[in-house]
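Read in the working numbering, the sequence shown has 124 at position 121, and its numbers run on one by one without any break.
For glycine and all other residues, C-beta sits at the position ideal for the given N, C-alpha and C.
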Amino acid sequence: MSGLHGDRLQGQLAVKLGPIAAAFNGEARVIRDEAMQRGVIVGAGRDRLGASRASAELEYRLSAEQGGAATRIDFTLRALLLGPLAQFGRSAIVSDLAARISDMFARNLERQLAGLPPAADQSMRALAAGSLLAVVIVGRMKRALARLLDRFRR
4 MSGLHGDRLQ GQLAVKLGPI AAAFNGEARV IRDEAMQRGV IVGAGRDRLG ASRASAELEY
64 RLSAEQGGAA TRIDFTLRAL LLGPLAQFGR SAIVSDLAAR ISDMFARNLE RQLAGLPPAA
124 DQSMRALAAG SLLAVVIVGR MKRALARLLD RFRR
């Protein structure tokens with residue numbers, strides 16, 4: 004995130020998936036419902052390196068835990084990707100990759116809420132999507148192998 008002006012956010016995200024790289028510049032609007040302790044962040048970005056475009060909507064809900072000593076944040080992220088990066092969208096790998104990025108977001112949010120800076124390796128460099136992709140593929144292979152072994156055990 005590079006800027007916050009009222010309910011508007013500005014930011015950048017760089018991603019590399021195999022031979023395709025994208026560097027998105029984007030803007031989002033935060034819509035809060037303080038009374039219901041929920042909100043929506045709606046944003047869009049354009050790849051400054053190529054023709055990819057993305058839009059996303061993140062809904063969140065806050066709820067008290069541990070007698071009000073802690074706050075739980077539940078969020079749902081919906082995203083649309085268009086352009087060269089979208090060719091990966093036909094694969095379940097993108098869903099797994101999106102889940103990993105959501106996990107990274109949640110961990111960094113936890114750090115910020117605890118008064119710690121975002122993880123240094125996440126804040127200023129491009130997402131290491133090659134390594135994320137490798138982790139996702141290995142995870143999928145492990146699950147497939149486990150299902151196969153379960154069939155033989157029956």
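Would you call residue i buried or exposed, if buried means 16 or more other Cβ atoms sit within 10 Å of its Cβ?
i, result
"A25", "buried"
"R128", "The predicted model places R128 with a pLDDT of 49, which falls under 50 and marks its position as unreliable, so this point remains unresolved."
"L83", "exposed"
"D170", "Not covered by the structure: residue 170. The range shown for the chain is 4 to 157."
"H8", "exposed"
"D50", "buried"
"G48", "buried"
Taking the beta strand (DSSP E) that residue i falls in, what are its first and last residues?
i, result
"S66", "56-68"
"R75", "73-85"
"A25", "23-36"
"R51", "Here R51 belongs to no beta strand (DSSP E), and DSSP marks it neither H nor E."
Rounded to whole angstroms, how far is the Cβ of residue i from the Cβ of residue j, which I believe are closer than 8 Å?
i, j, result
"S58", "G46", "7 Å"
"Q88", "I23", "With the sequence shown as reference, residue 88 is identified as Leu, and Gln is not the correct amino acid for it. Yes, L88 and I23 are in contact; Cβ-Cβ is about 6 Å, under 8 Å."
"L112", "I76", "7 Å"
"L65", "Q40", "4 Å"
Under 8 Å: do the stretch 7-15 and the stretch 29-45 share three or more Cβ pairs, one atom per stretch? yes
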